[in-house]
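Here the structure comes first, spelled out in structure tokens, and everything after it is commentary.
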Amino acid sequence: MRLLLCEDEVELSDGLVAILKHNNYSVDAVYDGAEALDYLEAIEYDGVILDIMLPKVDGLSVLKQIRSNGNQVPVIMLTAKSEIDDKVLGLDYGADDYLTKPFATKELMARIRSMTRRKSEMTDSILSFGNITLDRSSFELKSEKDVLHLANKEFQMLEMLMIHPEHIISSNQFMEKIWGFDSEAEINVVWVYISNLRKKLNQLDANVQIKARRNIGYSLEEI
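Using the UniProt record's numbering, you'd call the opening residue of the sequence shown number 1 and step up by one each time.
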């Protein structure tokens, strides 16, 4: 799951990023509304945590603009304001949830799980290709032979490949989608996870394979 966090309080943002990454979310952090709009235009996110009081463009304006552009990404409004009018306005603009500062970390995590679960319920929870299926709700990869539970990043990589079978995905695309722009991971980490997935496909006697095209990328193809 990849999230966008837009919070201009740097210490709070850094703390939330650490917590979210510890819980296996990929996170991009921005600090003003204009930057949030740029990221939301360029990248597909699974959820957004959006403060209302932001420099350049306020959070409500960000929300209103992305909804008018047809972007239905789930959004939690995060703000110090507690007035009912602000909550009503945010919900009217298309916010999925609302959390007032200060808040408990456990509550935010529960709201995020609920938000992303609702999104997954609106899409197919099972992806199929060849003789394998990937359950998006349980992270389970199945064939007639066996069932394997995938680690978070393994799941995200295979999900990308199964959504677009036979479509080439570059290492940079994997890095941007799963590890995020600010990740310190080296690009060869993609090869490591590809290798792990190949071993698991072999373990399942899958009739599909992850094919590499040198200096271009990877695709999932039937054998």
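All residues carry an ideal CB built from backbone N, CA and C; glycine is no exception. Quantities reported herein were computed from a predicted structural model and do not represent experimental measurements.
Check                                                                                                                   : Outcome
Top-ranked residue by Cα proximity to residue 117, from 8, 59 and 73                                                    : 73
Within 8 Å, strictly: CB atoms of residue 154 and residue 219                                                           : no
Close-in-space but distant-in-sequence residues of the same chain around residue 159 (CB under 8 Å, 5 per side omitted) : 127, 134 and 136
Nearest-angstrom Cα separation, counted from residue 147 out to residue 129                                             : 15 Å
Counted within 10 angstroms of its Cβ, other Cβ atoms place residue 191 as buried (16 or more) or exposed               : exposed
Beta-carbon spacing of residue 209, residue 201 below 8 Å                                                               : yes
Own chain, CB closer than 8 Å to residue 67, minus 5 neighbours either side, in chain order                             : 93 and 94
Touch test, the region 36-52 against the region 6-14, Cβ-Cβ under 8 Å, three pairs minimum                              : yes
Beta-bridge pairing of residue 77 - partner residues as DSSP gives them                                                 : 50 and 98
Of the listed residues 62, 203 and 168, nearest to residue 132 (C-alpha basis)                                          : 203
Burial state of residue 103, where buried means 16 or more other Cβ atoms lie within 10 Å                               : exposed
At least three beta-carbon pairs within less than 8 Å, the region 58-67 to the region 20-29                             : no
Collapsed DSSP secondary structure at residue 180 in the structure displayed                                            : coil
Closest by C-alpha distance to residue 156, when choosing among 23, 22 and 174                                          : 174
Continuous beta strand (DSSP E) stretch holding residue 222: start and end                                              : 217-222
Span separating the alpha-carbon of residue 164 from that of residue 221                                                : 10 Å
Buried versus exposed call for residue 36 [16 or more other C-beta atoms within 10 Å across all chains shown]           : buried
Terminal residues of the alpha helix (DSSP H) in which residue 5 lies                                                   : Unbroken run through residue 5 is the beta strand (DSSP E), 2-6; no alpha helix (DSSP H).
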